[in-house]
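Step one of this worksheet: look at the structure below.
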Amino acid sequence: MNAFSWHEATEKNKAEIITLELDAKMIAASRETFNKYHLNDCVKLIEGLVDKSLKRLDGTFDLVFVNANKEGKEGYVKYILDHKLLSPHGLIMCDNGELFPQDHFNLSYLSQRNTALTAENALIFTRGTTISTEGNPQLPAKVRPYWTENGKALRKFCDFCKNDERVDVVLLPLFDGVT
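Each residue of the sequence shown is one higher than the one before, starting from 0 at the first, in numbering that gives the first Met the number 0.
The structure is reproduced here in structure tokens:
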């Protein structure tokens, strides 16, 4: 349903919106929304696995919004960059990419101390809470393995972005974070 929001935000510019979706329920909801609001000419829905759907794209994009499974983000962004799908001054936005230092939640602390934010000194935030067991002892035991794996995937993704010379990283610390 992000495509509907992107359409609303770019309607005056007549931007072409392409959305990739795997989940059958989200595909049905998207189609229903696009039909209801007459968006089928404005929004293109590509169904299927993301890695296969990415191969169906051609041209370049000024903005790519990645709101996908955490363990797949690195591969998706790498594919976009490797296949030059991003325009020269384009922007890739990734949802749920917020990293904070474990010993201090104020990002200005890092600049004052001239400290780099790395996977070793960072917590991952999602759904308004840290997914670190140490940083969030209230996290129920039954969901800890799931969030721990998501945290590892996000740390790996953030390190990839930080270390790839094609990428300049900016963090917008709102909601679950947009990187």
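In this text, a Cβ means the ideal position worked out from N, Cα and C, and glycines have one as well.
- Judged by beta-carbon spacing, Leu-44 lies beyond the 8 angstroms limit of Arg-55, meaning their Cβ atoms are not closer than that value.
- Under the rule that a run must span 3 or more residues, the beta strand (DSSP E) segments found entirely inside the stretch 26-58 read 42-46.
- Annotation for Leu-62: the continuous beta strand (DSSP E) segment containing it runs 60-65.
- For Leu-90, the enclosing beta strand (DSSP E) begins and ends at 85-93.
- Looking at the DSSP output, Leu-19 bridges to Ile-45.
- If the five residues before and after Glu-20 are omitted, its C-beta is found closer than 7 angstroms to the C-beta atoms of Ile-26, Ser-29, Leu-44 and Glu-46, all from its own chain and listed in chain order.
- For Lys-151, the uninterrupted alpha helix (DSSP H) segment begins and ends at 143-162.
- When the five nearest sequence neighbours on each side are left out, the beta carbons in the same chain lying within less than 7 angstroms of the beta carbon of Gly-71 are those of Val-49, in order along the chain.
- If you ignore the 5 residues before and after Asn-39, its C-beta comes within less than 7 angstroms of the C-beta of Phe-33, all in its own chain and listed in chain order.
- Lys-13 sits in coil when the DSSP states are folded into three classes, being neither helix nor strand.
- Counting the other CB atoms within 10 Å of its CB gives His-37 a total below 16, which places it among the exposed residues.
- The alpha-carbon of Ala-67 is positioned some 8 angstroms away from that of Asp-94.
- Using a Cβ distance threshold of 8 angstroms, Lys-155 and Glu-73 count as a contacting pair.
- In the structure shown, Asn-1 adopts helical secondary structure according to DSSP, grouped into three states.
- Taking the Cα of Asp-61 as reference, the smallest distance to any Cα among His-88, Trp-146 and Asp-81 is reached at His-88.
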